[in-house]
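What follows is a set of notes on a single structure, which appears directly below.
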Amino acid sequence: MNVIELTGVSKTFTLHNQGAAVIPVMRDVSLSVAPGECVGLLGASGAGKSTLMRMLWGNYLAASGRIIIAGTDVAHAEPREILALRRDRMAYVSQFLRVVPRVPTLDVVAEPLLVTGTPDETAKAAAATLLTRLRIPERLWSLSPTTFSGGEQQRVNIARGFIRQVPVMLLDEPTASLDAANRETVLTLIEEAKARGTAIVGIFHDEAARDRVCDRMIDMARFAA
Amino acid sequence: MNPLFTVRDLEKRYGTRIGCTDVSFDLWPGEVMGIVGESGSGKSTLLSCLAGHMPPDRGEVHFDGRDVLAMSEPERRFLARTEWAFVHQNPRDGLRMAVSAGGNVGERLMAVGARHYGDIRETATDWLGRVEIAADRIDDRPSAFSGGMQQRLQIARNLVTGPRLVFMDEPTGGLDVSVQARLLDLLRGLVRRLGLSAIIVTHDLAVVRLLADRLMVMKGGRVVETGLTDQVLDDPQHPYTQLLVSSVLQV
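Sequences listed follow chains A and B, in order.
Its first residue numbered 2, the first sequence is counted upward by one per residue in our numbering.
Its first residue numbered 983, the second sequence is counted upward by one per residue in our numbering.
This is the structure we're talking about:
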């Protein structure tokens, strides 16, 4: 039973204010991911890797096809169904951290657990454990991550993504800009998630990381429009 | 589960000019919807019709199964101060400036039947704390508060009676950017923690990105696009939404 199932998915961008230019990005995408499996997306810059990830997350709209993730068709679901999916069954580690200014790092990381009703203490303890594993010094936990370095922000993002145990994870270059020790920690986190049965779709430019965690690679060239 | 607030084919005209038309949506419990659009797009007209400040010319509005437009004026007013709340852009429109901060909050409690002075003062103090106003300011008048504090007081006054649906008209408009961030964080926490449904009208896309679950984009009195907030902002489909999103200055 696959937890991610894409059939006949296509994507075009129509730029209405630039002469209504229509840019086809991909067509006829079919993809299945089983629990515990990690699939890596391959392709040159502009091939549509990030676009496909965003279609899975639901912030890009598919032009056609079905995107079934843990029981929800993201391509056709109502906003509240997609929000419920993101809250309960899916996590996304993007390359950018987007947070409300002045919220402390510990709360930023704990938030995905708090919104599912986990008690404050439990959620913050889980956040502290992950931040420690990812070597974010405790003196920074009470500060907003908006002023952190790129690598620190990325680790906060990773901690936030891995704090819940969910059936589906999307990882966009999770090891970019990390030092060797933190890279190792992130790869271990990915392996632990897989062992728990999480299905993962990721973009990994780091070849050694890719070889270690990916079970399969999909070349986006197959879906070129 | 049923929608909390249902709107069908709502229309308001000013003479022959369209204020808003063809507006339909369902708002679910705990859902926060943003209405965005430039000045004159009809978003404030729509909010006034939804909140019962202005009668629409056509359409239906149901709250929790009750037909709001068929209510008598006293019934509607009772609803507006119990299960609904309205946060104005200008706190002076939502506060009583000659009454103390504690009085502003306590008055709402008394309006729904609270009579015990000690309880009222205690609840008012608790709410001032929740909106980050120090307890020793409880006897000060709002005129002695900064703009940001006045706005936080207005929020406390509105939320103290435990409404289920909150209307907000540009709640962060007119505030310094640093004060806006604090207010947004506060609003976000309160809305999530209390499980409120809310409709927020704003022209500030950063505000809806942080607060709203979904968006309705208006132009010329009509809804031109709806959807999940980050989908509408990251992958806008309508020409007007594309223009709106691409016009935001990056900092």
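Heads up, the beta-carbon is just placed ideally off N, CA and C, and yes, glycines get one too.
These figures come from a predicted structure and were not determined experimentally.
Alpha carbon to alpha carbon, what distance is there between A/Pro105 and B/Asp1046?
What you label residue 1046 of chain B is simply residue 64 of the second sequence in a count that begins at 1. What you label residue 105 of chain A is simply residue 104 of the first sequence in a count that begins at 1. When rounded, the distance between both Cα atoms is 37 Å.
B/Val1189 and B/Gln1162: beta carbons closer than 9 Å?
By 1-based counting over the second sequence, the position of residue 1189 of chain B is 207. By 1-based counting over the second sequence, the position of residue 1162 of chain B is 180. Their beta carbons are under 9 Å apart, which means B/Val1189 touches B/Gln1162 by this criterion.
Scan the region 168-185 of chain A for residues whose Cβ lies nearer than 9 Å to a Cβ of chain B and list them as they occur along the chain.
Cβ contacts with chain B: none found.
Going by other Cβ atoms of all chains shown within 10 Å of its Cβ, with 16 needed for buried, is B/Val1005 buried or exposed?
Translated into positions along the second sequence, residue 1005 of chain B becomes position 23. Its Cβ being crowded by 16 or more others within 10 Å, B/Val1005 is buried.
Taking the alpha-carbon of B/Pro1145 as reference, which of B/Ala1180, B/Leu1135 and B/Asp1039 has the nearest alpha-carbon?
On the second sequence, position 163 is the one that residue 1145 of chain B refers to. Ranking the options by Cα distance to B/Pro1145, first place goes to B/Ala1180.
Please check the pair B/Ser1237 and B/Gly1177, which I expect to be a contact at CB under 8 Å, by giving their CB distance rounded to whole angstroms.
Any answer about residue 1237 of chain B is impossible in this case: the structure gives chain B only from 983 up to 1233.
With a cut-off of 9 Å, does the C-beta of B/Gly1209 fall near any C-beta of chain A?
As a position in the second sequence, residue 1209 of chain B is number 227, starting the count at 1. With a threshold of 9 Å between beta carbons, B/Gly1209 makes contact with chain A.
Can you name the start and end residues of the beta strand (DSSP E) that A/Leu32 belongs to?
Residue numbering aside, residue 32 of chain A sits at position 31 when the first sequence is read from its first letter. Note, A/Leu32: beta strand (DSSP E), Ala22 to Val34.
Within 10 angstroms of the Cβ of A/Asp220, are there 16 or more other Cβ atoms? Answer buried if so, exposed if not.
Counting from 1 along the first sequence, the entry for residue 220 of chain A is found at position 219. Answer is exposed; the Cβ neighbour count stays below 16.
Sorry if obvious, but does the Cβ on A/Arg136 come closer than 8 Å to a heavy atom of the ligand SAM?
What this structure holds is no ligand at all, so the ligand SAM is not there to describe.
Can you find a C-beta in chain A that's less than 9 Å from the C-beta of B/Ser1228?
On the second sequence, residue 1228 of chain B is found 246 positions in, with the first residue counted as 1. Chain A contact via Cβ: present.
According to DSSP, is B/Ser1179 part of a helix, a strand, or is it coil?
Position 197 of the second sequence, counted from the start, is the residue given in the question as residue 1179 of chain B. DSSP, reduced to helix, strand and coil, places B/Ser1179 within a strand of the structure shown.
What's the gap between the Cα of A/Met54 and the Cα of A/Pro146?
Against the first sequence, residue 54 of chain A aligns to sequence position 53. Against the first sequence, residue 146 of chain A aligns to sequence position 145. Distance between the alpha carbons of A/Met54 and A/Pro146 is about 24 Å.
Write down every uninterrupted run of the beta strand (DSSP E) in the region 43-109 of chain A whose length is 3 residues or greater and which is fully enclosed by it, in chain order.
65-70 and 91-94
Within a Cβ cutoff of 8 Å, which residues of the same chain sit near A/Ile204, ignoring the five residues on either side of it in sequence?
Position 203 of the first sequence, counted from the first residue, corresponds to residue 204 of chain A. Once the five neighbours on either side are set aside, the close Cβ partners of A/Ile204 are Gly41, Leu42, Lys50, Ser51, Met54, Leu172, Asp173 and Glu174.
Restricting to Cα atoms, I'd like to know which of B/Thr1223, B/Trp1010, B/Arg999 and B/Gln1213 is closest to A/Ala76.
Locating residue 76 of chain A in the first sequence gives position 75, where the first residue counts as 1. Of the candidates B/Thr1223, B/Trp1010, B/Arg999 and B/Gln1213, the one whose C-alpha sits nearest the C-alpha of A/Ala76 is B/Gln1213.
With B/Ala1067 as the anchor, note down where its beta strand (DSSP E) starts and where it stops.
Here residue 1067 of chain B refers to the residue found at position 85 of the second sequence. Unbroken beta strand (DSSP E) run through B/Ala1067: Trp1066 to Val1069.
Under DSSP, the beta strand (DSSP E) around A/Leu16 begins and ends at which residues?
Position 15 of the first sequence, counted from the start, is the residue given in the question as residue 16 of chain A. A/Leu16 -> beta strand (DSSP E) spans Ile5 to Leu16.
Beta-carbon of A/Pro113 versus every beta-carbon of chain B: anything under 9 Å?
Reading the first sequence from its first residue, position 112 is the one you call residue 113 of chain A. Not closer than 9 Å to any Cβ of chain B, the Cβ of A/Pro113 fails to qualify, so no.
What residues in the region 1183-1206 of chain B have a beta carbon less than 7 Å from any beta carbon of chain A?
Result list: Leu1192, Asp1195 and Arg1196.
What are the residues of the region 81-102 of chain A that lie near chain B, defined by any Cβ-Cβ distance shorter than 7 Å?
Arg81, Ile83, Leu84, Val101 and Pro102
Quick check: B/Leu1187 and A/Asn60, are their CB atoms within less than 9 Å of each other?
Along the second sequence, read from residue 1 onward, the residue named residue 1187 of chain B stands at position 205. Along the first sequence, read from residue 1 onward, the residue named residue 60 of chain A stands at position 59. 9 Å or more divides the Cβ of B/Leu1187 from the Cβ of A/Asn60.
Closer than 7 Å, Cβ to Cβ, to anything on chain A: give me those residues from the region 1152-1181 of chain B, in chain order.
Ala1163, Arg1164, Leu1166, Asp1167, Arg1170 and Arg1174
Please report the straight-line C-alpha distance between B/Glu1020 and B/Val1227, rounded to a whole angstrom.
Within the second sequence, numbered from 1, the residue matching residue 1020 of chain B stands at position 38. Within the second sequence, numbered from 1, the residue matching residue 1227 of chain B stands at position 245. Near 12 Å, if we compare the C-alpha coordinates of B/Val1227 and B/Glu1020.
Can you pull the DSSP bridge partners for B/Thr1184?
Taking the first residue of the second sequence as position 1, residue 1184 of chain B is located at position 202. The partner list for B/Thr1184 (beta bridge, DSSP) reads B/Val1018.
List the residues that DSSP assigns as beta-bridge partners of A/Ala200.
One-based indexing of the first sequence puts residue 200 of chain A at position 199. Bridge partners of A/Ala200: A/Val169.
I want to see whether chain A comes within less than 9 Å of B/Pro1056, judged by CB atoms only; does it?
Start at 1 with the first residue of the second sequence, and residue 1056 of chain B comes out as number 74. Chain A contact via Cβ: absent.
Would you say B/Pro1073 lies against chain A (beta-carbon separation less than 9 Å)?
Locating residue 1073 of chain B in the second sequence gives position 91, where the first residue counts as 1. Chain A contact via Cβ: absent.
Between which two residues does the beta strand (DSSP E) containing B/Cys1002 stretch?
Indexing the second sequence from 1 puts residue 1002 of chain B at position 20. Following the DSSP letters along the chain, one finds B/Cys1002 inside the beta strand (DSSP E) bounded by residues Arg999 to Leu1009.
Work out the CA separation of B/Val1206 and A/Thr15 for me, nearest whole Å.
Working through the first sequence from its first residue, we reach residue 15 of chain A at position 14. Working through the second sequence from its first residue, we reach residue 1206 of chain B at position 224. Cα-Cα distance, rounded: 16 Å.
Given this structure, state the Cα-to-Cα distance separating B/Phe1149 from B/Leu986, to the nearest angstrom.
The residue labelled residue 1149 of chain B in the question sits at position 167 within the second sequence. The residue labelled residue 986 of chain B in the question sits at position 4 within the second sequence. About 13 Å.
On the three-pair Cβ rule with 8 Å, is the region 159-166 of chain A touching the region 87-95 of chain A?
yes
What is the DSSP secondary structure of B/Gly1041, reduced to helix, strand or coil?
As a first step, residue 1041 of chain B must be located in the second sequence, where it is residue number 59. DSSP places B/Gly1041 in strand when its eight states are reduced to three.
Rounded to whole angstroms, what is the Cα-Cα separation between B/Ile1102 and A/Gln19?
Working through the second sequence from its first residue, we reach residue 1102 of chain B at position 120. Working through the first sequence from its first residue, we reach residue 19 of chain A at position 18. When rounded, the distance between both Cα atoms is 59 Å.
Let's test the definition: count the other Cβ atoms within 10 Å of the Cβ of B/Ser1026 and tell me whether it reaches 16, buried, or not, exposed.
Within the second sequence, numbered from 1, the residue matching residue 1026 of chain B stands at position 44. Buried, because 16 or more other Cβ atoms sit within 10 Å of the Cβ of B/Ser1026.
Measure the alpha-carbon distance for A/Gly66 versus B/Phe1060 and round it to whole angstroms.
In the first sequence, counting from the first residue as 1, residue 66 of chain A sits at position 65. In the second sequence, counting from the first residue as 1, residue 1060 of chain B sits at position 78. Computed Cα separation, rounded: 48 Å.
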